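Single-structure report; data block below.
There are 4 protein chains.
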Amino acid sequence: MIIILDPAATAAQRDELTSDLKSRGYGIHLSEGVERTIVGVIGAIEQDKSSLVEQFEALPYVERVVPILKPYKLVGKPFKPEGTVINVRGVQIGGGTLCVMAGPCTVESPEMLFETADYVKSVGAHVLRGGAFKPSTSPYSFHGMGEAGLKLLAEARDRTGLPIITEVMDTRDVELVGKYADIFQIGTRNMANYSLLREVGASRKPVMLKRGWASTIEEWLQAAEYIASQGNYEIILCERGIRTFETYTRNTFDINAIPAVKELSHLPIFADPSHATGRRSLVNAVSRGAVATGADGLILETHPNPEKSVKDGAQSLTFDQFGQLMNDIRPIALAVGMKL
Amino acid sequence: MIIILDPAATAAQRDELTSDLKSRGYGIHLSEGVERTIVGVIGAIEQDKSSLVEQFEALPYVERVVPILKPYKLVGKPFKPEGTVINVRGVQIGGGTLCVMAGPCTVESPEMLFETADYVKSVGAHVLRGGAFKPSTSPYSFHGMGEAGLKLLAEARDRTGLPIITEVMDTRDVELVGKYADIFQIGTRNMANYSLLREVGASRKPVMLKRGWASTIEEWLQAAEYIASQGNYEIILCERGIRTFETYTRNTFDINAIPAVKELSHLPIFADPSHATGRRSLVNAVSRGAVATGADGLILETHPNPEKSVKDGAQSLTFDQFGQLMNDIRPIALAVGMKL
Amino acid sequence: MIIILDPAATAAQRDELTSDLKSRGYGIHLSEGVERTIVGVIGAIEQDKSSLVEQFEALPYVERVVPILKPYKLVGKPFKPEGTVINVRGVQIGGGTLCVMAGPCTVESPEMLFETADYVKSVGAHVLRGGAFKPSTSPYSFHGMGEAGLKLLAEARDRTGLPIITEVMDTRDVELVGKYADIFQIGTRNMANYSLLREVGASRKPVMLKRGWASTIEEWLQAAEYIASQGNYEIILCERGIRTFETYTRNTFDINAIPAVKELSHLPIFADPSHATGRRSLVNAVSRGAVATGADGLILETHPNPEKSVKDGAQSLTFDQFGQLMNDIRPIALAVGMKL
Amino acid sequence: MIIILDPAATAAQRDELTSDLKSRGYGIHLSEGVERTIVGVIGAIEQDKSSLVEQFEALPYVERVVPILKPYKLVGKPFKPEGTVINVRGVQIGGGTLCVMAGPCTVESPEMLFETADYVKSVGAHVLRGGAFKPSTSPYSFHGMGEAGLKLLAEARDRTGLPIITEVMDTRDVELVGKYADIFQIGTRNMANYSLLREVGASRKPVMLKRGWASTIEEWLQAAEYIASQGNYEIILCERGIRTFETYTRNTFDINAIPAVKELSHLPIFADPSHATGRRSLVNAVSRGAVATGADGLILETHPNPEKSVKDGAQSLTFDQFGQLMNDIRPIALAVGMKL
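Residue numbers (this note's numbering), protein chains in the order written: chain L, 1016 to 1355; chain E, 1016 to 1355; chain U, 1016 to 1355; chain R, 1016 to 1355.
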């Protein structure tokens, strides 16, 4: 941590600060520049000291505090440079294999779920997605089938062999969802729901952590650190688009985040082109881009009849479109050296 | 709702759509323009039909769907044009009286809490704030004293007579927090935590709902609608700044939201200049601006020793600064015709 | 155009509006819904009537005006569905061939320019880029060599046969730059410099129009329409990243914009991964993504010694890195059916 | 400037860097921390060395470069702590007097201009605004009356005694506009049009510099530095709203910027509530807020018949609304100790 003093800071204030730091056990490195005095603080373990930054910034004679180290550790690249590989019922996530998760936004009925599960399996998807508990912006919208939806997902798994991923939104549901799901999904609205992160961190199931729609990459990795800090290292990050001023698309897909996460963290990184665009017509192209950029996998919405879908119809692919997409990403995965 | 057909839509597709709409019980108003056909859908109650928009946008021959009505009802201005006034232990919120809530970010100890409570009371604040459960970006930071903090807040209330507001973050804590708090606070990270909104909606205590840092005003009002839909109409909205590209301040205070909420909703609207700026030096000016713009109240952080604060030190006012602020907003409140 | 009346609008106001519209020569289509009256305006040519929207929104009894048609025409997809293909000294831009433009941010000296030109040519680039007039955030930074730089670019063209692209920033320089450049570049800061757009529109040279860093896709296409409206249809759009709250990267690369532009416009669309990321370590991955998504080309910064570069050093590739990138995008271009 | 080395940097690399710095004439202050080596660079005049930051960031063994000093000097607070006061034909700008500039968006005819000028003068406005050259997002919209409009503005000045402010958009028009205008206005789209900034900097007329809609406060002050660096210190900054995800308002008014600019710069700071909201119904409230926050002045759009306005109708005040606003801001100006 580096503390930059205000030009008006006095020698007495500088000494007060350095004494305080020494009494807390830090080493001090003082640099008196032409226009500013800079105090280097040596030995600060910044992961557990973010409040220190705020405290020193609160001093009237401090202009700015610059943290030097990353505010996360367990999910940082140096912690496991070889990268995390997760195995879910035989499906490999990370480690050079492209993994595709697909299914409907919401479980609506046995028929539509089984039809979708059969189809996505037939064209090569590896994991079945589907929502039983759904966040909806309006309180009057459908909020999912709940446990009945989870049971149908489990039935679809029995039928197809595909592991299942489904969202959990409430700390009180973690146990229930965990009875059925192979992978927990934490949605964008809950990325900073720290109680929920700790709860899935205490489980021993893989967790897909979607990026908050207005969260920086650093905050996202700190959210992952919450899960890891409870002992669960099987975390899959998922970029699903962020909020910007652009209105033609539902979100702006931050594709930079894919290689950025790869250089900052050892965790696998997925892309969700359905939410990242919000427009079915853009999903194929953006999926190709995500694979070429190095994503470890995709999560996609497909529905037998998007125009009858209770949610996310505009961004769900028809079966034909999903089949086409699976064909289109294959040569790109090969071109970047991934197995599919 | 208005459905704009794609220029390439055929007459058969148009008829299929209108038949479908009629079979769902809607009236139809068809307008054939020079370049587009537009289908007006009459009778759609759009609060509970947001999924309809998505379904029709999913049709390949539909270019765009334009909702006409607001997606909220109970919290909309027409539902209660005279405005909501809330009474908490004799303190009036809304209705032309300026209400100031103040206190430390976090309850740290009895001494600092009581000292702060006494001070804010002495200079005219109406409600005591303080966090017992704290959201922190880092898993390694302090997360609050929990129930011990709630007990201290209750003690501070007994001592000063000030009602207390404190944050609840987990559905499982609503009952516990409700035993002590006079007003629930829902933080920015939980604005779209719909389980939590429903839970505080089922209580009969006032709720302050902070705006999500990347939520539109419309989404914020829909979040309030979640609470109201459970029967709890005592909701206080609070603008606390949104995420933008600007880095000099912690957030960008969207002051436009104050008069915007006043024309869209009957709920009282507060401002949180501490979080909206993240810099103590800007809090006084922005508080003055919020009052002049018509805010029903302010919520502010103050601490006996900001540089020792476990959290939010850089944005907490010293007591002197807080006392000055109370003096500075008084003539402005009078200038806009409010009581203080 | 659709005009939605305020619920409080009277019949007299509605009639006043429809009379006014009829007197301006528009057809009217009136729809009285349960809660709103909607006036469809038929015959409005909205490209030249954007001020109409504002006028009607100014009426106290109008709630909202919804434009139906796109606010651009010449650059819209329906104007030339087969797509624009541009030929610059034998280099094809658009039409299924991937085009790579590369070179230094700024022309610094003959040696570095010729060395770079020779290298990028040797590994397969098609166009040489280099700045002679440079926009700099600081008035004290280097602003380019001016005409001397243009002359060096022309010399590099003679030497390598590569056509050259260079930025023009001032209406007064269009003639001078046009004497040397094969393609004008309009930078992100000047996307809405309408005088400059008109000036390059009046020339008969191709223009690369970079997206404004805070401009929507629609505004970008309207800026292109400025150029086209002067008779110059040889426009290349270039996505170079937009401003968001993310700070790890210099900009957020809006990859959604590539397929979005392809469905809205007939113009070729390029990507600029150097500016879109601002970090050399991310450029290769994002370039691969752009090609896979369907970009017609890339524009990239490379420098013999990035750490000696007078500008944009952190995002400039070394020669080795650029050569590697050319190798890495080739199989991806093939995978999406493009020639390279 | 502080250079943070990569954890993998070798001693040889560190020495190479420090030798390079010494050979450029800088002092070095080396700090070897537990996990990082930090190089303090002493004597760097960072206003003219922004490219240095980029060069050092380009080194493969450098993790990050942290500038310490502000990248502007002439417009910074320490350069003139007492604040800049500008006098335009007897009207004081800055220095504790509130200044209101008002008029139509665009000069449309003598009648409407003179009627507006007479009215705004009668209710106490100090400067007349009006556009003769207008930026329009669409090439097919009205672009202003040009010199004829300037002549009408000059006539309105003769008639009322009010100084006039009008926009200049093209370097080639600076001389012409300067013949008529008392104050140049640089619009939001041209904040980073550096040629234009230099041109008005070379004039000896006051310049109002609007903030770019996606520019940080720091970039805005650097743009002002461009003008000042040419010798023209009579600069008025104007916050007019920035681009965010919020769609209810045209822009988000960054009211934090007002006190932020006051602590960073000595230049007067105005607010433009018309553009900052884009909605007439919000202008009064936001104007009150801007004054209470400490703005030195307001610039506002008013029109005899907003619904006939050729531009910005939805945000222009009627005369009655403008008169009301003048009444409403008076007690607030007094409450914050300003003269009006």
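All residues carry an ideal CB built from backbone N, CA and C; glycine is no exception.
This one's a predicted model, so the numbers in the text were calculated from it and none came from an experiment.
Is residue i near residue j, with beta carbons less than 8 Å apart?
i	j	result
F1337 (chain R)	V1106 (chain R)	no
K1225 (chain L)	G1202 (chain L)	yes
E1069 (chain R)	D1327 (chain U)	yes
V1301 (chain L)	Q1330 (chain L)	no
S1296 (chain L)	E1278 (chain U)	yes
D1269 (chain R)	T1292 (chain E)	no
Between residue i and chain L, is the shortest Cβ-Cβ distance under 8 Å, so that the two count as touching?
i	result
Q1339 (chain E)	no
N1208 (chain E)	yes
S1046 (chain R)	yes
Y1076 (chain E)	no
E1316 (chain U)	no
G1105 (chain E)	no
For residue i, name the three-state secondary structure that DSSP assigns.
i	result
R1144 (chain L)	strand
Q1107 (chain R)	strand
R1265 (chain E)	coil
M1127 (chain L)	helix
M1116 (chain R)	strand
I1019 (chain R)	strand
H1044 (chain U)	strand
T1099 (chain U)	coil
S1280 (chain E)	strand
K1166 (chain R)	helix
L1313 (chain L)	strand
S1157 (chain R)	At residue 1157 (chain R) the sequence reads Phe, which differs from the Ser that was named. The answer is coil: DSSP assigns F1157 (chain R) none of H, G, I, E or B.
K1088 (chain U)	coil
K1136 (chain R)	helix
Using CA atoms only, rank isn't needed, just tell me which of the options is closest to residue i.
i	options	result
I1053 (chain R)	R:S1038, R:T1025, R:G1040, R:E1069	R:T1025
G1246 (chain R)	R:F1268, R:T1292, R:A1217, R:L1236	R:A1217
S1137 (chain L)	L:G1146, L:M1116, L:V1049	L:M1116
A1307 (chain E)	E:L1113, E:S1046, E:F1071	E:L1113
F1157 (chain L)	L:L1279, L:G1146, L:D1035, L:I1083	L:G1146
T1262 (chain E)	R:C1120, R:S1230, R:R1039	R:S1230
H1281 (chain R)	R:I1347, R:I1251, R:R1144	R:I1251
V1103 (chain E)	E:L1177, E:D1133, E:C1253	E:L1177
V1056 (chain E)	E:V1080, E:G1256, E:D1335	E:V1080
F1129 (chain E)	E:T1175, E:A1272, E:G1098	E:T1175
K1323 (chain E)	L:T1033, L:I1242, L:F1071	L:F1071
M1223 (chain E)	E:L1211, E:C1253, E:A1243, E:N1205	E:C1253
So is residue i in contact with chain E if we call contact Cβ pairs under 8 Å?
i	result
G1304 (chain R)	yes
L1332 (chain R)	no
From the beta carbon of residue i, is the nearest beta carbon of chain R less than 8 Å away?
i	result
V1301 (chain E)	yes
F1260 (chain L)	yes
G1293 (chain L)	no
I1180 (chain L)	no
Any heavy atom of the ligand MN inside 7 Å of the beta-carbon of residue i?
i	result
Y1155 (chain L)	The model depicted lacks the ligand MN and carries no ligand whatsoever.
Is the Cβ of residue i closer than 8 Å to any Cβ of chain U?
i	result
G1164 (chain R)	no
Q1336 (chain R)	no
I1017 (chain L)	no
F1129 (chain L)	no
At what residue ranges does the region 1203-1274 of chain U contain a whole run of the beta strand (DSSP E), taking only runs of 3 or more? 1222-1225, 1250-1254, all fully within the region 1203-1274 of chain U.
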